[in-house]
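Engineer: Position one of the sequence shown corresponds to residue 67 (our numbering), numbered consecutively onward. Backbone N, C-alpha and C fix where the C-beta goes; we use that ideal spot for every residue, glycine too. Quick one: structure below, then a few questions.
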Amino acid sequence: MKIQIQRKLLLAAALTVALGFTPVSWALPKIKVLATGGTIAGAQATQADAGYKSGTFSVDDLIKAVPQLTNIAVMSGEQVANIGSQTMNHEVWLKLAARVNEVLKSDDVDGVVITHGTDTMEETGYFLSLVVKSDKPVVLVGSMRPATAISADGPINLYNAVALAGNAEARGRGPLVVLNDTVHYAREAQKMHSTRMDTFSSPNRGIAAMMNTGKTFFYSANTVRHTTKSEFSVDGLTVANLPRVEVVYSYANLGGDIIDVLVEKGVKGIVLAGVGDGNSTDAAIAALEKAAKKGVAVVRCSRTGSGVVDRNVEVNDDKLGFIAGMELNAQKARILLMLSLTKTSDTHKLQEYFNQY
Ligand code: ASP
67 MKIQIQRKLL LAAALTVALG FTPVSWALPK IKVLATGGTI AGAQATQADA GYKSGTFSVD
127 DLIKAVPQLT NIAVMSGEQV ANIGSQTMNH EVWLKLAARV NEVLKSDDVD GVVITHGTDT
187 MEETGYFLSL VVKSDKPVVL VGSMRPATAI SADGPINLYN AVALAGNAEA RGRGPLVVLN
247 DTVHYAREAQ KMHSTRMDTF SSPNRGIAAM MNTGKTFFYS ANTVRHTTKS EFSVDGLTVA
307 NLPRVEVVYS YANLGGDIID VLVEKGVKGI VLAGVGDGNS TDAAIAALEK AAKKGVAVVR
367 CSRTGSGVVD RNVEVNDDKL GFIAGMELNA QKARILLMLS LTKTSDTHKL QEYFNQY
């Protein structure tokens, strides 16, 4: 990457001498930052304050705070939202996805960087994996420490994200998540620590790449269906017509009544964050079976944080009418189920989606 940039800079310098102007747009990738908030845009109220507020700084503040960005990219920015990602919602997802698709159509954008809180970054990233219609790089970035903290990690993370979004090798891989010098495929990424900078892991398939001050070393390919190979799209989707899917967390002594209430409320799908291999109490399984018989799509996942929940191992999915969540954690399974239910309610077809995405 560094070599590529240096070559481009040399070419630009030569052309500047020959033509008398700097063809900036030939020399550097054009990167658009779509800002949504999060700790990366967060600030402490005062130096003495221990806490901080996500989504305080604007996209222009973020770009200006890292002047080195202009050495590696032609930067532009746009504020899509400015929220803590704990309050991320379907409205912002639909707006963001539409905007990503729109800007990536333009020749003036080679890649997109999305600044985002880390709490739900994996969900937004997975949603985009399913609905972005471009091979150009889409990189989600955040930080674990606000800009006003000692050793804030936002600036280096943003620098890495911009370098990655401008790297031709990042094309066609689906949305990527970068923090702490580590790149994850959004589908694999999982926040696994409440405060540490190495909070993200890719527990099932491993990381995508490592970075060192903008230079990227790719380790693995993304072999799962995404972006241009995905059947899903946000065209025609609204907050109102996205099927309602909720998650039920399993634990010792879980009863069935929470599940009954969800069915009464009219949910179209329930994802079980099950114990172990996607399992639950007899009462919960019975309530889920009843839900499935009423036409509610029931997907079994694991609360353990890794592994594959396959069909018919300890739970008889064929008999109960359930879908196995395979490699997805419950929060990502909820997203795939919502989008899948816009296409079909057939359990076999839904299982195929979970096998492929
Ligand atoms: N609560 C913050 C957020 O997700 C945490 C972070 O960004 O790290 O917006």
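(1) In three-state DSSP terms, what is Tyr315?
(2) Distance check for Lys385 and Thr102, CA to CA, integer angstroms please.
(3) Let me check one thing: in DSSP terms, what residues is Gln145 bridge-paired to?
(4) Is there at least one non-hydrogen atom of ligand 1 closer than 8 Å to the beta-carbon of Asp127?
(5) Glu312 and Val337 - do their beta-carbons sit closer together than 9 Å?
(6) Could you tell me which uninterrupted alpha helix (DSSP H) segments, each at least 4 residues in length, are contained entirely in the segment 110-137, listed from first to last along the chain?
(7) Is Ile106 a contact residue of ligand 1, with contact defined as CB to any heavy atom under 8 Å?
(8) Can you confirm whether the segment 276-294 touches the segment 317-326 when touching is taken to mean that 3 or more C-beta pairs between the two stretches lie within less than 8 Å?
(9) Going along the chain, which residues of its own chain have a beta-carbon closer than 6 Å to the beta-carbon of Val158, five neighbours each way excluded?
(10) What ranges does the beta strand (DSSP E) occupy inside the segment 335-377, keeping only unbroken runs of at least 3 residues that lie completely in it?
(11) Which stretch, first to last residue, makes up the beta strand (DSSP E) that contains His250?
(12) Does DSSP put Asn167 in a helix, in a strand, or in coil?
(13) What do you reckon, is the C-beta of Gln397 under 8 Å from a heavy atom of ligand 1?
(14) If you run the structure through DSSP and keep just helix, strand and coil, what is Thr88?
(15) Going by DSSP, what residues sit across from Phe284 in a beta bridge?
(16) Indicate whether Gly177 and Leu230 have their beta-carbon atoms separated by less than 9 Å.
(17) Going by DSSP in three states, Gly220 sits in which element: helix, strand or coil?
(18) With H, G and I counted as helix, E and B as strand and the rest as coil, what does DSSP make of Thr153?
(19) Do you know offhand how far Gln417's Cα is from Ala396's?
(20) Report all residues from its chain with a CB closer than 7 Å to the CB of Ala358; omit the five preceding and five following residues, and keep chain order.
(21) By the DSSP assignment, the alpha helix (DSSP H) with Val329 in it spans what residues?
(22) Measuring only the C-alpha atoms, how far is Ser268 from Ile138?
Structural biologist: This is what the structure holds:
(1) Strand.
(2) Put simply, the backbone Cα of Thr102 is about 44 Å away from that of Lys385.
(3) Answer is Ala101, bridged to Gln145.
(4) Answer for Asp127: no, Cβ out of range of ligand 1.
(5) With respect to the 9 Å criterion, Val337 and Glu312 are classified as neighbours on the basis of their beta carbons.
(6) If we require 4 residues or more, the alpha helix (DSSP H) runs fully inside the segment 110-137 come out as 125-130.
(7) Yes, the Cβ of Ile106 comes within 8 Å of a heavy atom of ligand 1.
(8) Contact between the segment 317-326 and the segment 276-294 is not established, with fewer than three Cβ pairs separated by less than 8 Å.
(9) Contacts found: Ala147.
(10) Listed in chain order, the complete beta strand (DSSP E) runs (minimum 3 residues) inside the segment 335-377 are 335-340 and 363-368.
(11) Counting along the chain, the beta strand (DSSP E) containing His250 begins and ends at Thr248 to Tyr251.
(12) If DSSP states are grouped into helix, strand and coil, Asn167 belongs with the helices.
(13) Residue side-chain check: Gln397 keeps its Cβ at 8 Å or more from all non-hydrogen atoms of ligand 1.
(14) Legend: pLDDT at Thr88 = 49, less than 50; position of this residue unreliable, value from coordinates given subsequently. If DSSP states are grouped into helix, strand and coil, Thr88 belongs with coil.
(15) Bridge partners of Phe284: Ala275.
(16) Remark: C-beta atoms of Gly177 and Leu230 approach each other more closely than 9 Å.
(17) Correct three-state label for Gly220: helix.
(18) If DSSP states are grouped into helix, strand and coil, Thr153 belongs with the helices.
(19) Here the alpha carbons of Ala396 and Gln417 stand approximately 15 Å from one another.
(20) Excluding sequence positions up to five before and after Ala358, its CB lies within less than 7 Å of the CB of Val364, Leu386, Gly387 and Phe388, all in the same chain and listed in chain order.
(21) From DSSP, the alpha helix (DSSP H) with Val329 extends over Asp323 to Glu330.
(22) Ser268 and Ile138 have their C-alpha atoms spaced approximately 28 Å apart.
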